[in-house]
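S.K.: For the sequence shown, the numbering used here assigns the number 1016 to the last residue and increments by one with no breaks.
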Amino acid sequence: MIVRFRRLAGAIGRSVERHGGGLQGAYAVARRALLMAKALGPRGVVARLRQATTPVPAAPPPPNTYAFGPPAALEAIQLEVGVMLHVFYADLLDEFAQALAAMPRPYTLLVSVTERDTAAVVERRFSGLPNLTRLRVEVVPNRGRDIAPFLTTFRDDILALDVVAHLHTKKSLYTGSVQDGWRRYLVHALFGDARRIGWQLGMFAAEPRLGLIYPDSYESVPLWAHTWLSNLEKARTLGHRLGVGVAAGSYLDFPAGSMFWARVDALRPLFDLGLETNEFPDEQGQVDGTLQHAIERLLVPVVRSRGYLAGVLPQGGTLTLATEGDRNWRTYFETPLGDRLRMAAIDAKLITVDVFDTLAVRPFLSADGARAYLARLAEAELAVEDFVSLRERAESRARSTLGGRDPTLREIYAALAAMDPELPTEPLRILEETTEARLLQAREGVLDALSAAARGRRVAALSDMYLDASTLRAVLPSTAASLPSTWYVSCETGWRKDTGSAWTQLPKVEGLSNARWLHVGDNEQSDVQVPQWHGLLTPVHILRPGALLDVVPGLRPLRPQGVGAGDWCEQLRLGLVANHFANLADRTPHALAPRVVVSPDSFGYCVLGPLVLDYLAWLVRVATARGARRVLFLSREGHLLHRAFGILHATTPGLSDALQGHYLLASRQAAGLAAPATVEDLPDLFDGTYNGPLMGLLRARLGAKAAEETASLLAPRVLEQEIFLPEMHAEVVEMLSPAHATLLRLSAEARAAYRDYWQREAGAEPVLLADIGYSGTIQRHLAKMLGRPLDGAYFALNARAASLHGYGWAAGRYHDGRHPDAGPSTILRNDLLLESVLTAPHPQFAGFVADGAGYLPQHAAPDVAPEQWPIIAQTHEGALRFVRDACTCAAPLVAELEFDAEAVQIPLDCVGSGLWDAPWLHGLEVEDAFTGRGRVAAQSDTRSSFRPS
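Following this line, the structure appears as structure tokens:
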């Protein structure tokens, strides 16, 4: 109760500030409360207070991996089934009678009509339908179209059912033109024949989690329509009442055309709203923005919020279900952006363009992420807490004071100063401006395409924004700032795109017909839908980077799972990755459609770079906690890790004095030979698996020189014998008994050389070994060689790493198989892939040889083909560019970087599973002489659970 009261008090305080603050704001809020009480009654006011004090969770994303089973047989279905049909166009009754005649089992039919004459026709036409057990026909007001009677008139009838179908006599596309194809497509998908209907009912019977079945969007429904469009505020209001979060910028699944089968319990919250018909608007030919349009888009979120799945039927008519829709996403990528712009601009004299996410992008996935980062900066540099809330309240207050006009940044901070004169408002404003200038990057693909399309035409910036034109020109990258010749910004003009005022006022200023005006932007409502309503040339929609993770099925696994706005680190990782894919969409759309194809550079930037940076940030935290002064990156996988550490080291304040990184020459073979001091230690040389002749085992575990010397003491038939480890472990040691003394001498020589090298590289300081890991074999050998325990921090450890007990401490960032509850590991599943791209330009380290001045390192024969290294080098450069970008953007908060340990592995699984195609990987191989496998392909045929929708 106390928490609820505090939330209520906070909501009232924010409302007062939004209305100007002080007595003026209090009066405005009190007056509004009285009007609300008069309009809504006491129950309505209580409901609004609950909305203000109850946090609404975000709608959960659907599972990427769910596979529906087969349907139950028709005769096994024990469900109360009904159909609700809204008839506005009576001339379509025969079409629907034919569809309903296919019902293969008994059902209730509920029909709403808007004319009494139509009711009589319905009674005559439908009463004789096969399997019909009950017919109810109701004349309803022409309000809320098909949705109102579904939720109000027939509420009790539907709640008595288990499963209900919803149909209506649809004739018009949302553009306003009559099109029968859309209706016929939907009706056929749901009621095409008895087999199809029976299959869908059988799916409800077989799958208790199935809450909704509907056809994927008709081919004429554009991709951008799969958003909230002009229904956002109504959806948010309803969402509060339903307990369903509504994210403004998300792409969503919904039954476009509102025809579907539903499990009644899945939609129960909508019925429990107790809506009345008079709450829906009178019919005036509205194409969007009504209560019924908002409910249509809330159907799937409501179903998912109840723990049910939505099943989407594919356009092709196949009887299969997907948990997400296709949404006609491929149409966006069919034509390169440059071609789309040139064709759209043929009749244009003026091109207006949105600014943020169109001309320039931030490095964060969403605006919430950018605000969270700015808030953390404000806290760290200016000791200002709760900055996001303060700034939102100040902006609302400034807007109210200005009579609804968008305030400028200076006006926002003036309002903030009025709210709390003790706040450092001017330093905060400067921090916001300088941070924008530091982080904003030009969207070069869009700029190039616009520049080509704009030849001979004027380009103007048109933005709903709090940064005025002069500030925008100052903070934007020069290539973006120099493209528009004129700037129309809402905080200066008082016009907004989303309200429509910009589309009516700007032609008066420009002296231009809307038919010669092309607009380009990313916001589906304000940049596409609304200008289209006002008669402009068909706007060119630019997908904002973050939307790609909703739109492209191959990128959907990357969507944040529970990442809140406050987690700026994850927002940064995903933002940089999304920006990279957006650049591909702008320049080479075939890299994303029909499936995602990653180049070596993209693999480095989107897969390897985030993984490496997250591991290194964790490594620094581990080293600090363990008291290590040096991190030793083990060759060869440590080559890239060491280079990336150099970037992190240089950009992290204070790290250069606390921790150093070194590249340590090491291999299982070289460290293993240096470890044994007694005969009892020799079995360690032959741990693990191996299949092949004994001579091959000696070369793999001892190196060429030591193997030859050992082999000279053994009979040829012994060297030719096939060895299978670990089964023949003891037998191998016995076979080598004639060479035990020689092996110990060779080990002593290798140990002396390695200790000399170690002393020069690490000395006696506390160190932390860093490597991709798995069994910790090198750590164990080095600890035995030095006679003291060592610490190690790895990508992953498998169960065999339990042998490290007694030789030092070890941990895995992404997996530790020593724990009994350790599940499957993405790293271990893709071990060869990682090893193939994390290799170094030099061959495997093979130990030291003495010369007059000391010891010289030796390497095995090259095992990376000359044509492979340029490919691997591209992946490294891509990874290093990501590390550099992330560290530059995070500065001065680099030390706080930490990504989600599970989520950061998802891109690796996308490649390893084959969801993303990386054709260049097929030519990469890993030399695995240590186990006797020889050269092994980097990418196996193993496939994970991710599949495109």
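Beta carbons are placed, not taken as given, at the ideal position from N, Cα and C, and that holds for glycine.
1. What's the C-alpha gap between Gly436 and Gly306?
2. Quick one: what does DSSP say Met170 is sitting in, helix, strand or coil?
3. Which whole-angstrom value is the C-beta distance of Gly705 and Ala913, which I expect to be below 8 Å?
4. Going along the chain, which residues of its own chain have a beta-carbon closer than 6 Å to the beta-carbon of Glu559, five neighbours each way excluded?
5. Return helix, strand or coil for Thr242, following the three-state DSSP convention.
6. Report, in whole angstroms, the separation of the C-beta atoms of Ser359 and Ile214, which I expect to be a contact under 8 Å.
7. Is DSSP giving Gln1006 helix, strand or coil here?
8. So, for Ala878: in the same chain, excluding its five sequence neighbours on each side, which residues have a beta-carbon less than 6 Å away from its beta-carbon?
9. State the beta-bridge partners of Trp60 as determined by DSSP.
10. Can you name the start and end residues of the beta strand (DSSP E) that Gly840 belongs to?
11. Please specify which runs of the alpha helix (DSSP H), each continuous and at least 4 residues long, are wholly inside the segment 632-671, giving them in chain order.
12. Just list the alpha helix (DSSP H) runs in the segment 243-267, keeping only unbroken ones of 4 residues or longer that don't cross its boundaries, in chain order.
13. For the putative contact between Tyr874 and Arg847, defined by C-beta atoms under 8 Å, what is the C-beta separation to the nearest angstrom?
14. Report back the beta-carbon spacing between Val618 and Arg364 to the nearest angstrom; my notes put them in contact at under 8 Å.
15. Distance, Cα to Cα, Ala863 vs Ser814?
16. According to DSSP, is Ala744 helix, strand or coil?
17. Can you tell me whether Ala996 is helix, strand or coil according to DSSP?
18. Which residue marks the beginning of the alpha helix (DSSP H) containing Trp291, and which one marks its end?
19. Note down, in chain order, each residue of its chain lying with its Cβ closer than 6 Å to the Cβ of Ala509, except the 5 sequence neighbours on either side.
20. In chain order, which beta strand (DSSP E) runs of at least 3 residues are fully inside the segment 403-484?
21. Could you tell me the alpha carbon to alpha carbon distance between Ala324 and Glu300, rounded to whole angstroms?
22. So which of Asp421, Ala869 and Arg373 has the shortest CA-CA distance to Asp531?
23. Over what stretch of residues does the alpha helix (DSSP H) that includes Thr220 continue unbroken?
24. Three or more beta-carbon pairs under 8 Å between the segment 784-799 and the segment 752-759, yes or no?
25. Per DSSP, what kind of secondary structure is Ala106 in: helix, strand or coil?
26. Excluding the 5 residues flanking His608 on each side, which residues of the same chain have their C-beta closer than 6 Å to its C-beta?
27. Give me the Cα-Cα distance between Ala439 and Glu343, rounded to the nearest whole angstrom.
28. Closest by CA to Asp565, which one among Glu452, Arg583 and Gln599?
29. Identify which residue in Ile939, Leu740 and Leu715 has its Cα closest to the Cα of Arg777.
30. List, from N- to C-terminal side, the alpha helix (DSSP H) runs of 4 residues or more that fit wholly inside the segment 935-973.
31. What whole-angstrom Cβ distance do Cys636 and Glu965 have, given they're in contact under 8 Å?
32. Comparing alpha-carbon positions, which option in His586, Glu511, Glu591 and Asp223 lies nearest Leu603?
33. For a test of the three-state rule: what should DSSP assign to Pro282, helix, strand or coil?
34. From the DSSP secondary-structure annotation, give me the bridge partner or partners of Trp584.
35. Considering only the alpha carbon of each residue, which of Arg443, Val150, Asp898 and Leu780 lies closest to Ala168?
36. What separation, rounded to the nearest whole angstrom, lies between the Cα atoms of Ser557 and Asn590?
M.R.: Judging by the given coordinates:
1. 23 Å
2. coil
3. Rounded, the Cβ-Cβ distance is 16 Å, inconsistent with contact.
4. Asp535
5. In this predicted model, Thr242 has a pLDDT of only 48, less than 50, meaning its place in the structure is not dependable; the value taken from the coordinates is given anyway. The answer is coil: DSSP assigns Thr242 none of H, G, I, E or B.
6. The sequence shown places Gln at residue 359, not Ser. Right, the Cβ-Cβ distance comes to about 4 Å (below 8 Å), so this counts as a contact.
7. coil
8. Ala860
9. This structure does not reach residue 60, given that the chain is present from 68 up to 1016, and the question cannot be answered.
10. Val834 to Tyr841
11. 635-654
12. 247-258
13. 5 Å
14. 16 Å between Cβ atoms; not a contact.
15. 29 Å
16. coil
17. coil
18. Premise fails: Trp291 is in no alpha helix (DSSP H) and is neither H nor E.
19. Ala427, Pro544, Thr546 and Ala547
20. 417-420
21. According to the sequence shown, residue 324 is Gly rather than Ala. Taking the straight line from one Cα to the other gives about 21 Å.
22. Asp421
23. Element bounds for Thr220: n/a, residue is neither H nor E.
24. yes
25. The pLDDT assigned to Ala106 is 49, lower than 50, so where the model puts this residue is not dependable, and the model offers no usable value.
26. Trp291 and Val595
27. 41 Å
28. Gln599
29. Reading off the sequence shown, one finds Thr at residue 777, where the question assumed Arg. With distances taken between Cα atoms, Thr777 lies closest to Leu740.
30. 936-957
31. 5 Å
32. His586
33. strand
34. Leu417
35. Val150
36. 15 Å
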